[in-house]
Amino acid sequence: MQISKHKVVSIQYTLTNDEGEVIDSSVGGDALVYLHGEENIIPGLE
Numbered sequence: 019m020q021i022s023k024h025k026v027v028s029i030q031y032t033l034t035n036d037e038g039e040v041i042d043s044s045v046g047g048d049a050l051v052y053l054h055g056e057e058n059i060i061p062g063l064e
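Here our numbering is used: the first residue of the sequence shown is 19, the next is one more, and so on.
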């Protein structure tokens, strides 16, 4: 998916470790929201 610069993006996520244990999750709560193209989030996601 291509997202244009300066667009607001919201992501529902679940972060697990190598054993599959949930470390963090937005499920059941607020989504992660960021402004795309402003380098406010880790590079692998933006």
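Cβ atoms here follow ideal geometry from the backbone N, Cα and C, with glycine treated the same way.
Since the structure is predicted, the reported quantities are computational estimates derived from the model, not experimental observations.
Own chain residues within Cβ distance below 8 Å of residue i, not counting five before or after
i	result
residue 33	40, 41, 42 and 43
Identity of the residue in the options nearest residue i by Cα
i	options	result
residue 53	35, 27 and 38	27
7 Å Cβ cutoff met for residue i and residue j
i	j	result
residue 20	residue 49	no
residue 62	residue 24	no
Contacts around residue i, its chain only, beta-carbon distance under 7 Å, and the 5 residues preceding and following it disregarded
i	result
residue 45	30 and 32
Close Cβ partners of residue i (< 6 Å) along its chain, the five nearest in sequence each way excluded
i	result
residue 58	52
residue 35	41
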